[in-house]
Structures are given as C-alpha cells and as structure tokens.
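Residue numbers (this note's numbering), protein chains in the order written: chain A, 5 to 328; chain B, 229 to 433.
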C-alpha cells in the first residue's frame with residue numbers, strides 16, 4: 005500500500021488511488037477544490053484544473069519533483085510521494101489563475117442566479133479568485149434554448165465540466181444532451197430542441213457546480229439562504245431511486261426537492277424525477293430531521309470566515325518566503 | 229462613613245439672611261430672566277413649513293432607483309434582506325416577460341418589495357449590501373401615519389418616478405471611488421441597457 009504525504013499529513017492508501025481521493029481521506033482542510041471531478045461518476049475529472057497540486061517528491065524510488073503542477077483528480081499516488089496543496093503559495097497562485105480563466109466568460113449574474121449561495125464557482129472565486137476582473141472584451145453569449153419544463157439551461161454560466169453529460173450517460177437510460185461544437189463556442193445542448201426527459205434526468209441539476217442547470221420549478225422562488233433544508237425520505241416505487249432527499253422549506257411550503265449532498269458537495273444517492281418534481285407536499289414525505297448545515301456556509305449564516313482563513317495562511321507563507 | 233469620591237455635598241440647614249427672607253429680589257430676578265427670553269431668537273422651527281438643513285448623507289426614507297433608461301435596477305437578489313439587522317425587508321421575485329425589458333433591467337425583478345418602516349433602524353446596511361446600486365437611503369423623512377400597516381412601504385412608495393425631473397438624486401451619497409467604479413464598462417450593472425442590442429450567437433468553427 006503506497007504511503008503519501010499531503011500538506012504534511014501522511015496517509016496509507018490502496019494502490020490506484022488518486023491524490024485528490026487521498027486528500028479527501030485526510031480531510032477537508034487538505035482536499036483541493038474540484039469543479040469537474042465527481043466521485044460518483046466514472047471518468048469524470050481532468051477538465052477544470054482547479055484541483056491542481058504540486059508534487060515535491062515523485063516517489064520513494066524517484067524523489068525528483070514533478071516539473072509542473074498536476075491535476076490531482078487524475079494523478080495516482082506513488083509510494084513515498086509528497087504533495088503540497090494549501091501550504092504552497094505557488095499552488096494558490098496557480099489556482100487563482102485557473103479561477104480567473106473559469107470566470108472569463110462567466111456572466112457574473114449571481115444576483116439573478118438561483119444557484120447563488122450554493123454555487124461551487126462562487127465559493128471558489130471567493131476563496132481563491134481575484135476581486136476584480138481584468139477582462140474587458142464582450143463575454144460569450146448564446147441563444148437561449150428550452151430543454152423542457154423541469155430543467156432550466158443557462159448556457160452562459162456553464163464551465164463545461166461535463167458532469168451532466170456523464171450523469172446522463174451513467175445514471176439515466178439514454179442521454180439526449182451533450183456538448184456541441186468546440187473551443188470557446190462549445191455548449192451544452194440538445195439536437196433539434198429535444199427536451200431532456202427521463203426518470204433520472206433531474207440529477208443533472210444537482211451535479212452542476214454552477215447555475216447552468218437549475219430547477220425550473222424552483223426558478224426565482226426564493227434565494228437559497230432564505231430556505232430551510234430538512235432531510236426526508238419516502239418509499240419510492242422506482243427501484244433505482246433511493247427516496248432519500250432534502251426538502252427546502254420556506255414557511256410551510258416545500259419549494260424544491262434535491263438529493264442529499266455530502267461534505268464535498270456531491271450527491272449521496274441519486275433520486276428520480278418523480279421524487280424531485282412531483283412530490284412537493286410535506287404529507288408526501290417522512291421527515292428525518294433538519295439538515296446539519298455548516299455554520300460557516302452561506303445557508304448557515306452567510307459568512308465565509310473559515311474559508312478565508314485558508315487563504316490567509318497561504319498569503320502569510322508567501323510573505324515569509326519573500327522575507328527569506 | 230467617609231465618602232470615597234468626595235463628590236457628595238453635605239446639606240447644612242443654615243439660617244437665611246434678611247434679604248433672602250424677603251423673597252422679592254429672587255422673584256424679580258426670575259421674572260427678569262423669563263422676560264429676557266421673549267426677545268431672543270426662538271430655538272424651535274415651524275416644521276413642516278420650514279425644514280432644518282440635513283446632511284447630504286442623512287439616512288432617511290429609502291428609494292429604489294431606476295437606471296438611465298427608466299428600468300428598475302432591483303433584481304430581488306435578497307442581499308439587502310439578509311443584511312438587514314432588523315429584518316424589515318421582504319420581497320417576492322418574478323421573471324421578466326418578453327416586452328418588459330424597458331421596465332426591468334434584468335431577467336429577474338422584485339414583484340413585491342416591502343420595507344417595514346417601523347422595524348427599520350435606518351442603519352444603511354441594505355444600501356451597502358446592494359450589488360446593483362438599486363436601493364439608497366435619502367434625506368427624506370418617513371411620513372407619519374395613523375395605522376401601523378401603513379408603515380409597510382411597498383413598491384408604490386419606494387420606486388422613484390420614471391420622469392427624469394422627478395428622479396431622486398443620490399449622487400451625493402456616492403464617494404469618488406464609487407463614481408469612478410461606475411465608469412467601468414466590464415461590470416454588467418454599470419452598462420446602460422440598450423433595447424436594440426439582441427442576444428447574438430457566435431457561429432461554430
């Protein structure tokens with residue numbers, strides 16, 4: 005079993021584990037952020053580059069450092085490997101650049117977007133990005149296409165992580181959408197205005213790290229930080245559906261139903277469209293209890309203190325290095 | 229016991245002198261002071277005919293601004309409501325329909341926007357939180373009402389009139405930095421809305 009050291013924490017992991025997975029085994033304080041990698045989806049990862057880390061020692065046999073930062077979601081650990089993530093100012097600087105690239109064509113319409121408050125790109129931008137854009141060309145725009153009455157597509161917000169495509173491939177019966185075109189005109193779309201509609205298509209809403217795919221039945225109903233999440237379950241007739249969901253209440257009303265998400269922002273179990281869109285009454289559900297919300301999340305308090313600390317340690321380290 | 233602070237005065241009941249016993253000089257002195265005030269400038273003013281000058285950054289009744297083209301700036305993002313320490317602000321968002329582009333600046337707008345002026349503590353945090361430069365406090369004073377419900381101000385009272393000459397000027401509330409920032413065209417909320425500009429699509433390679 006290879007041993008790997010990440011940010012000074014040593015851990016023994018099974019062969020074939022990636023650096024990102026090993027870091028997640030250690031804990032949240034060393035795990036690099038990920039926008040496209042999704043542990044529940046096979047072959048995901050490798051597109052966004054937010055999870056880049058620096059390998060300072062390749063392995064016990066070959067102690068040379070890797071020449072460039074590597075994508076931790078696609079790099080397997082070797083025995084004796086040493087990795088730095090948050091403790092390296094270089095990695096934080098490089099990640100800042102990646103965030104800037106992700107935001108180049110992003111419309112920054114967070115006040116309008118329904119994902120605001122639970123958006124991974126927003127968190128990433130806050131923790132690792134610059135406060136000002138240097139880009140003053142016109143941003144990418146697309147013709148709006150309607151992909152059905154349940155899911156809302158905002159192509160301008162998409163960061164092309166391919167998570168929804170892989171979800172449609174691996175979770176639903178047949179994929180009807182995909183990424184058309186290439187380069188900066190690549191877009192999530194369906195051919196001939198096909199609407200995305202099968203039993204598990206709603207899961208693309210949950211896997212989308214940004215506000216590109218959102219729940220149309222929840223559209224502009226409320227901002228997420230005004231809603232109260234509650235865990236609930238029901239005996240779903242669909243055998244593939246777990247029936248374990250999260251209800252988002254505003255007062256007495258269930259405004260939306262989502263899958264339960266773990267500490268990495270990934271869904272724990274897939275749920276079917278019937279649970280997600282058609283059962284929006286408290287009487288449909290057995291309530292398990294209020295969701296444990298991180299006090300420092302936007303849903304919890306609209307504060308960011310914890311995450312900010314992470315960035316400050318990087319800054320301090322850089323200052324220390326410059327002094328030396 | 230001896231006092232620690234030495235600030236207390238010991239009251240001694242001493243015998244009054246002859247002039248003090250007469251009372252008249254003291255009464256006349258009091259009358260003189262009273263009459264002299266009749267010839268001094270009065271400290272009060274006749275509100276509301278006369279209004280005392282206020283600071284330009286006085287925090288009074290709120291205004292919901294429109295942009296240059298007359299469209300409402302507020303997109304119901306809810307940041308003012310979450311910033312409000314008194315929980316005085318509520319809103320309901322709605323989606324802009326086709327043909328309403330001249331009424332609302334963005335895709336989403338506040339269909340209902342209410343501020344409870346009895347709850348409001350006029351701290352100005354909503355103004356600070358607003359990412360769209362939509363809400364500002366002004367130097368106007370909230371009117372008196374007979375009913376508590378009348379203090380819940382809706383959009384009818386908060387949104388400024390469309391007519392250019394009836395707009396409420398808030399430029400004095402913005403410092404030089406803000407005004408300079410407003411000239412940056414790369415920020416969407418600074419751009420003037422253009423009805424002729426349509427969504428265009430780049431052709432594929």
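Every residue gets a Cβ at the ideal spot worked out from N, C-alpha and C, and that includes glycine.
Going by other Cβ atoms of all chains shown within 10 Å of its Cβ, with 16 needed for buried, is residue 87 of chain A buried or exposed? buried
Which residues of chain A have a Cβ atom closer than 7 Å to the Cβ of residue 359 of chain B, listed in chain order? 115
Which residue comes first and which comes last in the alpha helix (DSSP H) that contains residue 249 of chain B? 246 to 250
So, is residue 236 of chain A buried or exposed, given that buried needs 16 or more other C-beta atoms within 10 angstroms? buried
Residue 95 of chain A beta carbon near the ligand ATP (any heavy atom closer than 7 Å): This structure lacks the ligand ATP; in fact it carries no ligand of any kind.
Should residue 428 of chain B be flagged as near chain A, meaning a C-beta pair shorter than 8 Å? A caution first: residue 428 of chain B carries a pLDDT of 44, below 50, which makes its placement in the model unreliable, though a value can still be read off. Judged by the 8 Å Cβ criterion, residue 428 of chain B is in contact with chain A.
Using beta-carbon positions only, say whether residue 115 of chain A and residue 359 of chain B come within less than 8 Å of one another. yes
Are the C-beta of residue 303 of chain B and some C-beta of chain A separated by less than 8 Å? yes
Compute the distance between the beta-carbons of residue 54 of chain A and residue 128 of chain A, then report whether it is under 8 Å. yes
Keeping to the same chain, check which residues put their C-beta closer than 8 Å to that of residue 299 of chain B; ignore five residues upstream and five downstream. 329, 330, 331, 332, 333, 421
Contacting residues, own chain, Cβ-Cβ under 8 Å from residue 399 of chain B (five flanking each side not counted): 407
What is the DSSP secondary structure of residue 34 of chain A, counted as helix, strand or coil? coil
Boundaries of the alpha helix (DSSP H) in which residue 173 of chain A is found, first to last residue: 167 to 174
Please confirm whether residue 172 of chain A and residue 199 of chain A have their CB atoms less than 8 Å apart. no
State the beta-bridge partners of residue 181 of chain A as determined by DSSP. A:194
Inter-residue CB distance, residue 79 of chain A and residue 22 of chain A (contact presumed, cutoff 8 Å): 6 Å
Can you tell me whether residue 248 of chain A is helix, strand or coil according to DSSP? strand
Is the Cβ-Cβ distance between residue 319 of chain B and residue 338 of chain B less than 8 Å? yes
Counting only runs that start and end within the region 242 to 312 of chain B, where is the beta strand (DSSP E) found for 3 or more residues in a row? 290 to 292
For residue 223 of chain A, return the contacting residues in chain B, with the cut-off set at a CB-CB distance below 8 Å. 323
Which same chain residues end up closer than 7 Å to residue 306 of chain B when comparing Cβ atoms and leaving out the 5 residues on each side of it in sequence? 319
Can you tell me the Cα-Cα spacing of residue 306 of chain A and residue 120 of chain A, whole angstroms? For residue 306 of chain A, the pLDDT reaches just 46, beneath the cut-off of 50, and the residue's location in the model is therefore unreliable, although a value from the coordinates is still provided. Distance between the alpha carbons of residue 306 of chain A and residue 120 of chain A: 11 Å.
Along the beta strand (DSSP E) that carries residue 344 of chain B, what are the first and last residues, could you check? 336 to 344
Is the Cβ-Cβ distance between residue 98 of chain A and residue 163 of chain A less than 8 Å? no
What is the DSSP secondary structure of residue 121 of chain A, reduced to helix, strand or coil? coil
Below-8 Å beta-carbon distance, residue 383 of chain B vs any chain A residue: no
In terms of residue numbering, what span does the alpha helix (DSSP H) encompassing residue 260 of chain A cover? Segment 257 to 263 is the beta strand (DSSP E) holding residue 260 of chain A; no alpha helix (DSSP H) there.
According to DSSP, is residue 302 of chain A part of a helix, a strand, or is it coil? coil
With 8 Å as the limit, tell me which residues of the region 334 to 351 of chain B have their beta carbon closer than that to any beta carbon of chain A; keep them in chain order. 334, 335, 336
Would you say residue 309 of chain A reaches chain B, if we count a Cβ-Cβ gap shorter than 8 Å as a contact? In this prediction, residue 309 of chain A scores a pLDDT of 42, lower than 50, which makes its location untrustworthy; the coordinate-derived value is nonetheless stated afterwards. Output row for residue 309 of chain A: interface = no.
Is the shortest distance between the beta-carbon of residue 306 of chain B and the beta-carbons of chain A less than 8 Å? yes
Contact check, residue 45 of chain A vs residue 170 of chain A, beta carbons under 8 Å: yes
Suppose contacts are defined by Cβ-Cβ distances below 8 Å. Is residue 383 of chain B in contact with residue 341 of chain B by that definition? yes
Mind checking whether residue 386 of chain B and residue 343 of chain B have CB atoms under 8 Å apart? yes
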